[in-house]
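Just below is one structure, and these are the notes that go with it.
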Amino acid sequence: MKTHLLTMSQALIRAMIAQKIETDGEVVPFFKGVWAIFGHGNVAGLGEALYEKRAEIPTFRAHNEQGMVHAATAFAKAQRRQQVMACTSSIGPGALNMVTGAAVAHVNRLPLLLLPGDVFANRIPDPVLQQVEDFGNGVVSANDAFISVSRYFDRLTRPEQLIPAFHQAMRVLTDPAECGPVTLSLCQDVQAEAFAYPDAFFREHIHRIRRQAPDARELADAVTLIRQSRKPLIIAGGGVLYAGAEQTLAAFSHAHGVPVGETQAGKSSLPTAHALNMGGIGVSGGAAANDMAQEADLIIAVGTRLQDFTTGSWGLFKNPDMKIIALNVQPFDAVKHDSVPVIADAKIALDQIAAALEGWKADAGWTQRAQAARQRWLETADTYQAAPKEEALPTDAQVIGAVQRVAEPTDTVVCAAGGLPAELQKHWRPAQPGGYHMEYGFSCMGYELAGGIGVKMAQPERDVIVMVGDGSYLMLNSEIATSVMLGQKLIIVLLDNHGYGCINRLQQATGSAPFNNLWVDSQHMAQFPQIDFVQHARGLGALAEKVASLPALSEAILRARKADRTTVILIDTDPKPTTEEGGAWWDVAVPEVSSRPQVHKARTDYERARGAQRIGN
């Protein structure tokens, strides 16, 4: 048997290079690159191996370990899980900085390979710099924190352990159901140790993502339920996009007269112009989808895990006879809430259901009501996006309107946290699949700028517009410098409402006083900080300007399209107003005991709303 004497790190990188994937009839590398911040736990082992193969697999340098994981996660999402990136860090703080990013990928079911350095397997230099120690457990490592946010975790304490561990890693990264982050924790001495690896370990392996067909009985049960329904509603989740099923969904909806509401992950499954696209659904959804959801007698959940923001904490659906068909590749999601499961690829299952339903349509009155509701909602949304009076600060919705008025069909908008996700789910109108990239599974502040880089790397032909509030910007802005360094141009619209406006509103909605969210309500000296975001962004290498009006914002967007690098456009906004129409209740617990009457009232309202929750489904 032919073998190659290599360090574990060299073998790992060569094995990664050998992995290919067939997508749309083309074979391409499965690993698009490696994000790396080196330290003593990975620079000599993995760093040397990456240097040797830098012409075959690129290494990208970031400024924050969390940021590079966000970029890799966004890349995988924008690539519809067809290609992935890896991220490596040193031990200790570098590794732990990646844990938050790992949780983002885990919650959103996105493939990601994490390669944190770890302590010495031989334990001779213990305690090594940055090592955590447990007084009663000799095998504890800081990297144990990855276990709860990894779909597969392994700690390599011998070089030959790489062979089975890597095979398991590839299984998870390419499995549509198990897909998520994989962590191979690499003891730093083992990274540099050699082993005679078999030649077969480095042979080209072409992966093809599995497309599972539905079980015949599950398919028949679903078809029977649909035929019996009069008021069905499809909820389109991210699984529609990952399966490439958007055209299938559009045809299904049109042929059978079934309206479609989109989750945050599923938005852009249908173009806004589709006659039965009801727009966003749930807590941050619009009036059209939510009105239909309240009366629907059947929910066809396609590729969604039905999280609380989608279901209004299970208070959105009012029809007592409502049933759920859950079409999902993951059985864990398909059996939630007493659903009738169809465990299958979204595209294949929708095609087969459509064939079995030939000639069937939803009640004509239901379809017509949906079309009318959609038109009313679009007209209502237009009023929120209209320009304000000259003296008033614009709202988030008005800023979105100003950006949208100069948007191109190919644009992708990126966002993650704060008040903007709700307003974007209501108001952004994508024309093409992938035109809406929202990280709302974990809603991680700081994702936006780094995530924008990942989206741009996946879709270099599209302009990427990152919309971010001042709160998220201040948490993780260093990757602006990375975008400039790598030539990954972003258009960043920075909305400054002087604090955490979204949580300030939620705080007051639950009866509490404004406290510790906006600058003005936080502990500060005589004057709170006057942050010069324009100078800050320029200091990171970007172009930057502040605009004083919505027309000026639209003009700045047009300038940014022509710029040679990332541009930050700052605009002051009002932290208080939001879109009142649409939306749904969200279960946020209110104290039973308080000295404030406002809290007592909020608790009464809360208990009343909880009475409408569906328990068990």
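140 is the number that UniProt numbering gives to position 140 of the sequence shown; each next residue is one higher, with no gaps. Backbone N, C-alpha and C fix where the C-beta goes; we use that ideal spot for every residue, glycine too.
Check, Outcome
"Extent of the continuous beta strand (DSSP E) run through Ser185", "Pro181 to Cys187"
"Option nearest Gln459 by Cα separation, candidates Met445, Gln488 and Leu449", "Gln488"
"Span separating the alpha-carbon of Phe332 from that of Arg210", "18 Å"
"DSSP state of Asp521 mapped onto helix, strand, coil", "helix"
"Backbone CA spacing between Val520 and Val283 [nearest angstrom]", "28 Å"
"According to DSSP, residues forming a beta bridge with Asp572", "Asp496"
"Which listed residue (Gly434, His40 and Asp363) has its alpha carbon closest to that of Asp189", "His40"
"Contacts around Ala289, its chain only, beta-carbon distance under 7 Å, and the 5 residues preceding and following it disregarded", "Gly261, Met278, Gly279, Gly280 and Ile281"
"Which residues DSSP lists as bridging Ile235, in chain order", "Gly261 and Ala301"
"Run of the alpha helix (DSSP H) containing Asn504, from where it starts to where it stops", "Gly501 to Ala509"
"Beta strand (DSSP E) segments (min. 3 residues) lying fully within the segment 388-418", "412-415"
"CA-to-CA distance, Val593 to His600, given in whole angstroms", "8 Å"
"Distance CB(Val132)-CB(Leu113) smaller than 8 Å", "no"
"Proximity to Trp314 [Cα-Cα], best of Gly611, Lys2 and Ile503", "Gly611"
"Whole runs of the beta strand (DSSP E) within the segment 72-144, excluding any shorter than 3 residues", "84-89 and 112-118"
"Which of helix, strand or coil DSSP assigns to Gln307", "coil"
"Environment of Ile615 [buried if 16+ CB atoms lie within 10 Å]", "exposed"
"Minimum C-alpha distance to Ser522 - residue among Val534, Phe153 and Tyr500", "Tyr500"
"Residue burial classification, Gly138 (beta-carbon count within 10 angstroms, cutoff 16)", "exposed"
"Integer Cβ distance of His205 from Ala18, believed to fall under 8 Å", "6 Å"
"Ordered list of alpha helix (DSSP H) runs contained in the segment 43-68, each at least 4 residues", "46-52"
"Val329 in three-state terms, based on DSSP", "coil"
"From Lys318, His4, Tyr436 and Tyr384, residue whose alpha carbon lies closest to that of Pro409", "Tyr436"
"Beta-carbon gap between Ala293 and Leu316 smaller than 8 Å", "yes"
"Residue from Arg565, Arg405 and Phe515 with nearest C-alpha to residue 625", "Summary: the structure shown does not reach residue 625, with the chain confined to residues 1 through 617, and so no result is reported for it."
"CA-to-CA distance, Arg81 to Pro433, given in whole angstroms", "14 Å"
"Element boundaries [alpha helix (DSSP H), containing residue 644]", "Beyond the ends of the chain as shown, which are 1 and 617, falls residue 644; an answer cannot be given."
"Glu448 in three-state terms, based on DSSP", "helix"
"Pairwise C-alpha distance: Phe202 and Thr59", "20 Å"
"Asp221 versus Ser253 - alpha carbon distance", "19 Å"
"Sub-8 Å separation of Ala275 and Ala301 beta-carbons", "no"
"Cut-off 6 Å between Cβ atoms - residues of its own chain near Val568, not counting five sequence neighbours on either side", "Ile492, Leu494, Ala537, Ala542 and Ala544"
"8 Å Cβ shell around Arg374 - same chain, five flanking residues per side excluded", "Pro259, Ala275, Leu276, Asn277, Met278, Gly279 and Ala288"
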